[in-house]
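In UniProt numbering, the protein residues as written are 1 to 300.
What follows is the structure, given as structure tokens:
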């Protein structure tokens, strides 16, 4: 997907799939969240039999559980579950009566399996050699990537489904458009541009990880300048420079890309463990108190 400066995102790409099982494979290829909607029980006259399935994403539905108001409500319900951003399984019963706009007279039980929703957004600034080695690695992880540069000719002709190309004359201006909790990887060809992106990112407390490529000398110069500009320790704690796992040596683009990937993958797993811990705490609290307690916000 491509976005050019001054233009809004184009419509989400259509699905090749026409059957639910093909749609699941395509969603997994795209690292896109989806809900598998399954008819698990019927009574009386119903439009589809048990085992009928469809896949619902934020923008598409593939296959069918019978059409009509039943399917319309199921799609809306599935998208509401997706919007919560949590993996879950829910069962809902539908009487096929006039209240649903259907007169079959039967009843349907529908299972909603919400899948593949934990997708970290990563913004990669710069389309040089390191970025070209890095993007194909990270694109294999459960992430969404915005790849940003002002030189359109540097981007490959084809990109993985979960990578969005953004061509912007002033790449630093893209920082304010990033989703909350996005991670940044700054790899541009220009130290001044690197600094402008870094400064904009540190102005936004909602961006917890600002990774900057460079030497120790560059890192010290940036930190000194940022401190002089008034950035405090809390802001600077979100700056990771030089980015990468120092246990992985080498300066070739692929070596640097592997080093950065190692740090990102480690962070992804740490986040996953934190989410699992939060859910375990919530489950235990429910068991002891009988109440649903929302876990505290995760600190990244």
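Cβ coordinates follow ideal geometry from the N, Cα and C atoms, glycine included. The structure displayed is predicted, hence computed values, not measured ones.
- Apart from the 5 residues on each side of it in sequence, residue 138 sits with its Cβ closer than 7 Å to the Cβ of 122, 145, 261, 264 in its chain, given in chain order.
- Per DSSP, reduced to three states, the secondary structure at residue 160 is coil, with no helix or strand assignment.
- Beta-bridge annotation (DSSP): residue 93 is paired with 109.
- With distances taken between CA atoms, residue 117 lies nearest to 57 out of 172, 57, 67, 126.
- Here residue 52 carries a coil assignment [DSSP, helix/strand/coil].
- With respect to the C-alpha of residue 90, the residue from 79, 259, 257 having the closest C-alpha is 79.
- Per DSSP, the continuous alpha helix (DSSP H) segment holding residue 68 begins and ends at 68-84.
- Take residue 114, set aside five residues on each side of it, and the residues of its chain with a beta-carbon closer than 6 Å to its own are 35, 81, 87, 88, in chain order.
- Here the C-alpha atom of residue 216 lies approximately 6 Å from the C-alpha atom of residue 242.
- Residue 225 is classed as exposed because its beta carbon has fewer than 16 other beta carbons within 10 Å across all chains shown.
- Under DSSP, the beta-bridge partners assigned to residue 211 are 185, 240.
- Per DSSP, the beta bridge partners of residue 34 are 115.
- Following the DSSP letters along the chain, one finds residue 123 inside the beta strand (DSSP E) bounded by residues 120-125.
- Contact annotation: residue 191 and residue 214 have beta-carbon atoms nearer than 9 Å.
- DSSP, read as helix, strand or coil, puts residue 17 in coil.
- Where residue 179 is concerned, there is no enclosing beta strand (DSSP E), because DSSP gives it neither an H nor an E.
- Restricting attention to 108, 68, 21, 255, the CA atom closest to the CA of residue 55 is found in 21.
- CA-to-CA, the gap between residue 237 and residue 246 works out to about 18 Å.
- Here residue 168 is near residue 150, since their CB atoms are less than 9 Å apart.
- In this structure, residue 164 sits near residue 147, with a CB-CB distance shorter than 9 Å.
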